[in-house]
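Here's the structure we're looking at; comments come further down.
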Amino acid sequence: QMYVEYQIPANLKHPFPIVLVHGGTATGLLWTGTPDGREGWAQYFVRQGNAVYVVDQVGKGRSTHLESTYGPVALVECQNSQTRYIAQEKYKLWPQAHLHTQWPGSGELEDPIVQQLLSSQLPAIRDFTKQQFINRDALIALLDKIGPAIVLTHSMSGTSGWLIADSRPNLVKGIVGIEPSSPPFRNLEE
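Per this note's numbering, the sequence shown starts with residue 228, numbered consecutively.
What follows is the structure, encoded as structure tokens:
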């Protein structure tokens, strides 16, 4: 099961709704506000005349997690967040990492801003391959119900966008990937 909330403006200006799919350690709340209290992308798109669907991926946030069905969950290590988007310049995992200047605090683990981010991150279904197919199926069910849509993914949900388009090309009118993860993982045989 996947939790979905939606807003359809009275003055609908665009024919295709936008489905907002959060990244791996977040929930749909990622799209409804910012840490400093500003409105999120969901409200922005509704004000522009788009119907908007915000989901909580299967097993996260307002969507039920059934370990017997989806398998165990695991927390993301805090070091993962620090190396990827809090303090990339300190870890130099890619050539441009030294250019990182956007984190508002020190980037150290004890920094209150780092602690706020880490406390907002949720456990994820441990088997990522299984997770991406569970989410694909739930998102396909949503598109089967609402019709053609634009799918906007973030980070780890990037794989879901490609999987949905492969399964229902007639229902995916566009994919927008914000910092998308790679194409879907599969067990490839050479």
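C-beta: ideal position from N, C-alpha, C; glycine also. Fair warning: this is a prediction, and the values are worked out from it, not measured in the lab.
Query raised in the report: Under the three-state reduction of DSSP, which class applies to Lys-319: helix, strand or coil?
Result: coil
Report task. Throw me the rounded Cβ distance for the Gly-286 and Val-300 pair, which I believe falls under 8 Å. Result -> 7 Å
Query - Three-state class that DSSP yields for Leu-247 in the structure shown - result: strand
Query - Beta-carbon contacts of Asp-354 that lie in its chain and below 7 Å, excluding the five residues immediately before and after - result: Gly-298
Report task. Using the DSSP secondary-structure output, state which residues sit across from Tyr-280 in a beta bridge. Result -> Tyr-233 and Val-246
Query raised in the report: Just the Cα atoms here: how many angstroms apart are Pro-407 and Ala-269?
Result: Pro-407 and Ala-269 have their C-alpha atoms some 18 Å from each other.
Requested in this report: Return yes when the Cβ of Asp-283 is within less than 8 Å of the Cβ of Tyr-230, no when it is not.
Outcome: yes
Requested in this report: Excluding the 5 residues preceding and the 5 following Gln-358 in the sequence, name in chain order all residues of the same chain whose CB lies nearer than 7 Å to its CB.
Outcome: Ala-351 and Ile-352
Report task. Answer yes or no: do Ser-387 and Leu-370 have a C-beta to C-beta separation smaller than 8 Å? Result -> Not a contact, by the Cβ cut-off of 8 Å.
Query raised in the report: Mapping DSSP to helix, strand and coil, what is Glu-303?
Result: Before going on, a small fix: residue 303 reads as Val here, not Glu. The answer is coil: DSSP assigns Val-303 none of H, G, I, E or B.
Query raised in the report: Mind checking Lys-237: buried by the 16 CB within 10 Å criterion, or exposed?
Result: According to the sequence displayed, residue 237 carries Ala and not Lys. Counting of Cβ neighbours within 10 angstroms places Ala-237 among the exposed residues, the total staying below 16.
Query - Where the beta strand (DSSP E) containing Thr-380 begins and where it ends - result: 376-381
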